[in-house]
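Asks: Before anything else, here's the structure in question.
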Amino acid sequence: MTIESKAPVRIDFAGAWTDVKYFFVPFGGATLNATINRYVTGKLVTGGDTETAEGIGVNYHTDIPAGSGLGTSATLNVVWLSLVKQTKLETRSQKEQIADSAYDIEKVLGIIGGKQDQYASAVGGINLFEFNEDGWQTHPVDLSESQIADLESRLVVCYTGECRLSSNIHENVWGNFRRGRHETVDALFTLRDSAYAGKEILEGSRWDDFGPLLTRQFECMKHLDKSTTNATVDGLFDLVAGDTSGGKPCGAGGGGCLLFCCKDPAGKAYVQSKIRDAGFRVIDFALEFEGLTVSIIE
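Residue numbers for the sequence shown follow the numbering used here, beginning at 12 and rising by one.
Written out as structure tokens, the structure is:
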């Protein structure tokens, strides 16, 4: 029997960091993100009946670099769990249960991180996620096909070439949060509230406001910890500043991928060429709305 699984990575728009338990348990968190058609794929092959299988083989693949800030490690856990459960996904709740389990794995391992990556990868699409002590809720962003096309036509993702370990940044940020550092606390509340604002901006096609929303995330991230940026990141922002309305590092920052919003769709190709000419990788993508998929071949 062969089981094949595929799950998308995500780009995060607003609210990052507030999906970590240290914040969302006492205050409630919210994130706004979208999955893209870049995937982690997995295959499990058994030697016979699943109850007594011998010689089980599992392999994974992704063309997304490690430390990208696109939630690849969480997506890998989602794929792995979907393989070992050996069941077809017939309902949304089954996907959500896998996301719950994927997050629990990181908790057991003592990994400090947020919840948005697992849930985005499992359910797919453009969503506002809310997290609190009692659980989580998802609110799909209501966009028409033309709005989705407009959004895609403005977004650029590039890879800095620098892998970053988000766990190191998390330790600094949450240490400051527990100590009540005002700059950290204020930035987190601003990040959370901006997720709700971002949903309204997208649904209202207020594209001129979307870039500044991304930049506001970046400014808050820098207030959280100075290591969320570096000379390479700042240099890329300077490079495209005249042709973009804003942008932010993906995930925890400090390297990995950057997300930019172009001022005009006609300028997207020019922004991409400037980034490539400077020696950096542009990650081409489209938004995707399927999330985790599993196929079983008996």
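For each residue, glycine too, the CB sits at the ideal point set by N, CA and C.
Bear in mind the structure is a predicted one, so any value in this text is a computation, not a measurement.
In whole angstroms, what is the alpha-carbon distance linking V90 and Y130?
Replies: In the sequence shown, counting from the first residue as 1, residue 90 sits at position 79. In the sequence shown, counting from the first residue as 1, residue 130 sits at position 119. For V90 and Y130, the distance between alpha carbons rounds to 12 Å.
Asks: Note down the Cα distance separating I116 from G125, rounded to an integer number of angstroms.
Replies: Within the sequence shown, residue 116 is the residue found at index 105, counting from 1. Within the sequence shown, residue 125 is the residue found at index 114, counting from 1. About 12 Å.
Asks: Should H234 be labelled buried (16 or more other beta-carbon atoms within 10 Å of its own) or exposed?
Replies: Within the sequence shown, numbered from 1, the residue matching residue 234 stands at position 223. Counting other Cβ atoms within 10 Å of its Cβ, H234 reaches 16 or more and is therefore classed as buried.
Asks: Tell me, please, which residues DSSP counts as bridged to D23.
Replies: In the sequence shown, the residue the question calls residue 23 occupies position 12. Listed as beta-bridge partners of D23 by DSSP are N44.
Asks: Looking at D236: is its Cβ nearer than 8 Å to the Cβ of Q127?
Replies: Here the question's residue 236 lines up with position 225 in the sequence shown. Here the question's residue 127 lines up with position 116 in the sequence shown. Not a contact, by the Cβ cut-off of 8 Å.
Asks: Do S132 and L303 count as a contact pair if the criterion is CB distance below 8 Å?
Replies: For the purposes of this step, residue 303 is taken as residue 292 along the sequence shown, with counting starting at 1. For the purposes of this step, residue 132 is taken as residue 121 along the sequence shown, with counting starting at 1. Yes, these two residues count as a Cβ contact at 8 Å.
Asks: Nearest by alpha-carbon distance to L225: which of Y71, G264, F34, D197 is it?
Replies: Stepping through the sequence shown from its first residue, residue 225 is reached at position 214. Nearest C-alpha to L225: G264.
Asks: Identify, in the order they occur along the chain, each residue of the same chain with its Cβ nearer than 8 Å to the Cβ of Q148, setting aside the five sequence neighbours on each side.
Replies: Your numbering for residue 148 matches position 137 in the sequence shown. The beta carbon of Q148 is closer than 8 Å to those of F140, E141 in its chain, skipping five residues each way along the sequence.
Asks: Where DSSP assigns a beta bridge to R151, which residues make up the other side?
Replies: Your numbering for residue 151 matches position 140 in the sequence shown. Looking at the sequence itself, residue 151 is Pro, so the reference to Arg does not match. DSSP, once it has assigned bridges, lists N138 as partnering P151.
Asks: Counting only runs that start and end within the stretch 197-272, where is the beta strand (DSSP E) found for 3 or more residues in a row?
Replies: 255-260
Asks: Start and end of the beta strand (DSSP E) containing S164?
Replies: Position 153 of the sequence shown holds residue 164. Element bounds for S164: n/a, residue is neither H nor E.
Asks: Are S164 and K259 closer than 8 Å when you measure CB to CB?
Replies: Along the sequence shown, read from residue 1 onward, the residue named residue 164 stands at position 153. Along the sequence shown, read from residue 1 onward, the residue named residue 259 stands at position 248. Their beta carbons are not under 8 Å apart, which means S164 does not touch K259 by this criterion.
Asks: The beta strand (DSSP E) that contains V282, what's its start and end?
Replies: Counted from its first residue, the sequence shown places residue 282 at position 271. Bounds of any beta strand (DSSP E) do not take in V282; it lies within the alpha helix (DSSP H) bounded by 279-288.
Asks: Can you give me the C-alpha to C-alpha distance between I75 and L247, rounded to a whole angstrom?
Replies: Taking the first residue of the sequence shown as 1, we reach residue 75 at position 64. Taking the first residue of the sequence shown as 1, we reach residue 247 at position 236. Going by the C-alpha atoms only, they are around 19 Å apart.
Asks: Taking the alpha helix (DSSP H) that V90 belongs to, which residues open and close that run?
Replies: Counted from its first residue, the sequence shown places residue 90 at position 79. Taken as a continuous stretch (DSSP letters only), the alpha helix (DSSP H) holding V90 covers 83-96.
Asks: Across which residues does DSSP place V119 in a beta bridge pair?
Replies: Counting from 1 along the sequence shown, the entry for residue 119 is found at position 108. Per DSSP, none; premise fails for V119.
Asks: Starting from the Cα of G82, find the closest Cα among G135, P223, D153, R287 and give me that residue.
Replies: Counted from its first residue, the sequence shown places residue 82 at position 71. Of the listed residues, the one whose Cα sits closest to G82 is G135.
Asks: Pick helix, strand or coil for G186, following the three-state DSSP scheme.
Replies: Looking up residue 186 in the sequence shown gives position 175. Residue state, collapsed to three classes: helix.
Asks: If you compare alpha carbons, which of F35, L199, K274 is closest to G222?
Replies: Walking along the sequence shown from the start, residue 222 turns up at place 211. Selected option, being the one with the closest Cα: K274.
Asks: So, for Q158: in the same chain, excluding its five sequence neighbours on each side, which residues have a beta-carbon less than 7 Å away from its beta-carbon?
Replies: Against the sequence shown, residue 158 aligns to sequence position 147. Counting only Cβ-Cβ distances below 7 Å, and skipping sequence neighbours, we find S216.
Asks: What is the DSSP secondary structure of R103, reduced to helix, strand or coil?
Replies: Position 92 of the sequence shown holds residue 103. DSSP places R103 in helix when its eight states are reduced to three.
Asks: Please classify I47: is it buried, with 16 or more other beta-carbons within 10 angstroms of its beta-carbon, or exposed?
Replies: Here residue 47 refers to the residue found at position 36 when the sequence shown is read from its first residue. It is buried - the Cβ of I47 has at least 16 other Cβ atoms within 10 Å.
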